[in-house]
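One structure is given below, encoded as structure tokens.
Numbering (this note's numbering), first residue to last: 30 to 365.
In structure tokens form, the structure reads like this:
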């Protein structure tokens, strides 16, 4: 099934709190004015690029950027009606939105269900109450669990988003957040390392020495652990890190940003798996590593770094071969 998202970025109007890390206008390049004609134009242009005769396609209109269910109800309904029109015409298959855990209740879920929404993503960010408070999130971990449970009860696909390296965050807290997310059995997950954007409270905290962002190396190591946790439970990680845009590149002051951060983290994860095998089996000869086709590049390592690592440290070479019976993140190792 080929999945197509038609992203509609809803401005900051739905956000009830100003998180310390957020300058949404600079991240999305959007202002606070909604233009319904422009939204329909975006949808039409995206639909034109999708093969309408492709029986394997799944097309969603996705409202991202703001807290959708916290938007003024009249504005929210106008957006829902636009998306629902394309659903009724058969030009799309579903509608999704992102929102806050404390902006979910039975009334809003009933409304979204009636408009044909199929998926809801929650900005969890952390399940540690101290981290949430220091980050200005305005909700608690309890809100996360209650909202996720309610969304699943209403039959929506559940997506959960977490952030790394927030104020007062630690490795242990990040790992605990990942474990809590797994316990909620989401259909997909997004992971965003915290970046320091100009004109944010977090930028001021960094300047005054009250906050230090994670380094890229620290983030890659943490991501390697988190990805393995999610892959072991067959949870689809649909994004790691912000997309490369002119706004992000220009306005990101500092922090663990890299366009290939996911591959770097997966490379670290696979290197650790292979090294564990070598240690447990006292392997000295060459080996073949089998992996899902989606992981072949990462097994070899970002820019082939894993192959160089094992050659230099163990005088060992390994081949990488495809086995699509293996799950994402899973490998099988045999002696040559």
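Don't be surprised by glycine CBs; every beta carbon is placed ideally from N, CA and C.
Only a predicted model underlies this, so the values are computations on that prediction, with no experimental measurement involved.
What residues are listed by DSSP as bridge partners for residue i?
i           : result
residue 126 : 92, 149
residue 192 : 221
residue 320 : 351, 360
residue 300 : The partner list for residue 300 (beta bridge, DSSP) is empty, contrary to what the question assumes.
residue 36  : 91
residue 31  : 86
residue 268 : 219
residue 105 : Beta-bridge pairing links residue 105 to no other residue.
residue 187 : 149
residue 283 : 225
residue 154 : 191
Is it the case that the Cβ atoms of residue i and residue j are separated by a distance below 7 Å?
i           : j           : result
residue 317 : residue 365 : yes
residue 180 : residue 149 : yes
residue 217 : residue 188 : yes
residue 294 : residue 252 : yes
residue 282 : residue 225 : yes
residue 292 : residue 327 : yes
residue 39  : residue 123 : no
residue 249 : residue 297 : yes
residue 37  : residue 92  : yes
residue 48  : residue 237 : no
residue 305 : residue 360 : no
residue 33  : residue 79  : yes
residue 172 : residue 52  : no
State the CB to CB distance for the pair residue i and residue j, rounded to an integer number of angstroms; the pair is presumed to be in contact (CB under 8 Å).
i           : j           : result
residue 243 : residue 230 : The Cβ separation is near 18 Å, so there is no contact.
residue 169 : residue 151 : The pair is not a contact, with the Cβ atoms about 13 Å apart (cut-off 8 Å).
residue 115 : residue 30  : Not confirmed; about 19 Å, so no contact.
residue 357 : residue 324 : 6 Å
residue 322 : residue 351 : 5 Å
residue 346 : residue 315 : 5 Å
residue 89  : residue 125 : 5 Å
residue 144 : residue 112 : 7 Å
residue 213 : residue 174 : 7 Å
residue 266 : residue 290 : About 12 Å separates the two Cβ atoms, so there is no contact after all.
On the criterion of 16 or more Cβ atoms from any shown chain inside 10 Å, does residue i qualify as buried, or is it exposed?
i           : result
residue 99  : buried
residue 154 : buried
residue 182 : exposed
residue 260 : buried
residue 56  : With a pLDDT of 49 at residue 56, under the threshold of 50, the predicted position of this residue should be treated as unreliable, though the coordinate-derived value follows. With 16 or more other Cβ atoms within 10 Å, it is buried.
residue 331 : buried
residue 105 : buried
residue 142 : exposed
residue 73  : exposed
residue 288 : exposed
residue 194 : buried
residue 337 : exposed
residue 257 : buried
residue 119 : exposed
From the options, pick the residue whose C-alpha is nearest to that of residue i; which is it?
i           : options            : result
residue 132 : 297, 176, 337      : 176
residue 130 : 45, 76, 258, 143   : 45
residue 241 : 199, 137, 204      : 199
residue 255 : 219, 162, 338, 47  : 219
residue 161 : 289, 50, 85, 290   : 50
residue 271 : 338, 339, 191      : 191
residue 201 : 232, 266, 157      : 157
residue 77  : 63, 103, 35, 134   : 35
residue 262 : 117, 167, 342, 207 : 207
residue 146 : 63, 109, 305, 235  : 109
residue 312 : 335, 83, 339, 117  : 339
residue 83  : 121, 233, 333      : 121
residue 308 : 81, 103, 286, 343  : 343
residue 235 : 284, 215, 203, 205 : 284
residue 63  : 81, 134, 203, 101  : 101
residue 264 : 247, 299, 232, 186 : 186
Using beta carbons (cut-off 7 Å, strictly below), is residue i in contact with chain D?
i           : result
residue 132 : Of the protein chains in this structure there is only one, and it is not chain D.
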